[in-house]
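Worksheet for the structure shown next.
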Amino acid sequence: MAFVDFSAREIHCKIVYYGPGLCGKTKNLQFLHERTSPSRRGQLISLATPNERTLFFDFLPLDVGSLRGFQTRLHLYTVPGQVFYDAARRAILRGVDGIVFVADSQEARLAANVESIRNLEKNLREQGYEIAEIPYVLQLNKRDLSSAMPAAELSRLLTIKGEPTLEATAATGAGVFETLKAIARLVLLDLRKRRTPSGFTRATAAS
Amino acid sequence: MSPADLVLYEEDFRRLQQILRRLRQESGASVVLLVDKGGQRIVSVGDVEALDMTALASLTAGNVAATDGLARILGEREFSVLLHEGEKENIHVSIVARRVILVVIFGDRSSLGLVRLRVRQAGAELERAFAEITERMEREPVLHSGFEPLLAEITDEDIDRLFTE
Numbered sequence: 038m039a040f041v042d043f044s045a046r047e048i049h050c051k052i053v054y055y056g057p058g059l060c061g062k063t064k065n066l067q068f069l070h071e072r073t074s075p076s077r078r079g080q081l082i083s084l085a086t087p088n089e090r091t092l093f094f095d096f097l098p099l100d101v102g103s104l105r106g107f108q109t110r111l112h113l114y115t116v117p118g119q120v121f122y123d124a125a126r127r128a129i130l131r132g133v134d135g136i137v138f139v140a141d142s143q144e145a146r147l148a149a150n151v152e153s154i155r156n157l158e159k160n161l162r163e164q165g166y167e168i169a170e171i172p173y174v175l176q177l178n179k180r181d182l183s184s185a186m187p188a189a190e191l192s193r194l195l196t197i198k199g200e201p202t203l204e205a206t207a208a209t210g211a212g213v214f215e216t217l218k219a220i221a222r223l224v225l226l227d228l229r230k231r232r233t234p235s236g237f238t239r240a241t242a243a244s
Numbered sequence: 006m007s008p009a010d011l012v013l014y015e016e017d018f019r020r021l022q023q024i025l026r027r028l029r030q031e032s033g034a035s036v037v038l039l040v041d042k043g044g045q046r047i048v049s050v051g052d053v054e055a056l057d058m059t060a061l062a063s064l065t066a067g068n069v070a071a072t073d074g075l076a077r078i079l080g081e082r083e084f085s086v087l088l089h090e091g092e093k094e095n096i097h098v099s100i101v102a103r104r105v106i107l108v109v110i111f112g113d114r115s116s117l118g119l120v121r122l123r124v125r126q127a128g129a130e131l132e133r134a135f136a137e138i139t140e141r142m143e144r145e146p147v148l149h150s151g152f153e154p155l156l157a158e159i160t161d162e163d164i165d166r167l168f169t170e
């Protein structure tokens, strides 16, 4: 639910990193947090269990620059990947503008990836969205592991609508910014397409 | 347009801000804000510089979402009020017009009873404001928000330039 503030000249968009447990969603945000200048990022908030598994969500606001004089702020969220946290995942999808699906490249996690994509589709529908219409990027993560499936094969198995697909190793940061740029582009192009934004617009014209 | 869509004009903002200012004054609160259910801050008044308002908005929405889940388990439509009591600071959270979250942060200068009373009054005013905004949007669905021309002008190159500045 993008928020366009014409008075403050700001655009805010919500991007959710989705995927199965331990696929590297939080790692993506941690890397972005580490490598962004403090003046352009807010606090990284992690609502995690004592053993550092995401319990509810991670949240990182990032300022990515000016778009025609409008400061563009991305609000990045992750969902908890573990299957039994489905209610939390649904809640976080509220008002989403774009999704990064973080796939775990290991062959042993293929079924978990597929199940998570199905789960995403179902949860989006329950929030009134269709996966076919929402800006969506696929990230093939953990490319550094010897057990990683060939990217082309994994991509063929997981691609759902010809979405941009990026290879990454979130643990080292490879492909992390590229993924964010890809989803930001789709979200902003989607805003351009809409006749009015979904969400709140603070307009300057008098009614 | 989905039911979540809402376009607020400057005068709407001023009206919402005025309601929040009065609520803050009359309840002795330090900060009052409106947040959408997706975690986006809409309007805030008070000592906003002292707090990380972006994080506050996001966590409040998460809190409300979790509580909505609890309500459903019990067969309730929603729990319309949440309260967090600290040693010095307290947070009163309520749902307005089923779509926005009203957050009041208050300390020793106020009391829960007073906050409840003033939130009820302000809540009714906010409900009216949102009802009128929704009604106007139904009357003039594709309003003259200035939004369409602005975003239509955005080019691929503009987007490419992001992240590089």
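Line by line, the protein sequences are chains A and B. Using this note's numbering, the letters of the first sequence correspond one by one to residues 38 to 244. Using this note's numbering, the letters of the second sequence correspond one by one to residues 6 to 170. Just so it is clear, CB atoms sit at the ideal spot from N, CA and C, and this is done for glycine as well. Owing to the predicted nature of the structure, the values given are computational and were not obtained by experimental measurement.
- Cβ-Cβ distances below 8 Å link Arg46(A) to Gly106, Phe107, Gln108 in the same chain, with the five nearest sequence neighbours on each side left out; the list follows chain order.
- With respect to the 8 Å criterion, Val120(A) and Tyr55(A) are not classified as neighbours on the basis of their beta carbons.
- Nearest CB-CB separation between Val120(A) and chain B: not below the 8 Å threshold.
- One finds Gln45 in chain B with Cβ atoms closer than 7 Å to the Cβ of His49(A), taken in chain order.
- The count of Cβ pairs closer than 8 Å, one atom from the stretch 36-48 of chain B and one from the stretch 126-141 of chain A, reaches three, so the stretches are in contact.
- Judged by DSSP secondary structure, Ile159(B) falls outside any alpha helix (DSSP H); it is assigned neither H nor E.
- Here Arg127(A) is near Glu163(A), since their CB atoms are less than 8 Å apart.
- In the structure shown, the three-state DSSP call for Asn88(A) is coil.
- Note on Ser115(B): 16 or more other CB atoms within 10 angstroms of its CB, so buried under the neighbour-count rule.
- When C-beta distances to chain B are compared with 8 Å, the residues of the stretch 92-105 of chain A below that value are Phe93, Phe94, Phe96, Pro98, Val101, Gly102, Ser103, Leu104, Arg105, in chain order.
- Chain-ordered, the chain B residues with CB closer than 8 Å to the CB of His112(A) read Gly44, Gln45, Thr59, Ser63.
- With the criterion set as a beta carbon lying under 8 Å from some beta carbon of chain A, the stretch 120-131 of chain B has no members that meet it.
- Of the other Cβ atoms in all chains shown, fewer than 16 fall within 10 Å of the Cβ of Gln80(A); this residue is therefore exposed.
- Assigned with DSSP and collapsed to three states, Gly106(A) falls in coil, not helix or strand.
- Contact annotation: Val101(A) and Leu167(B) have beta-carbon atoms nearer than 8 Å.
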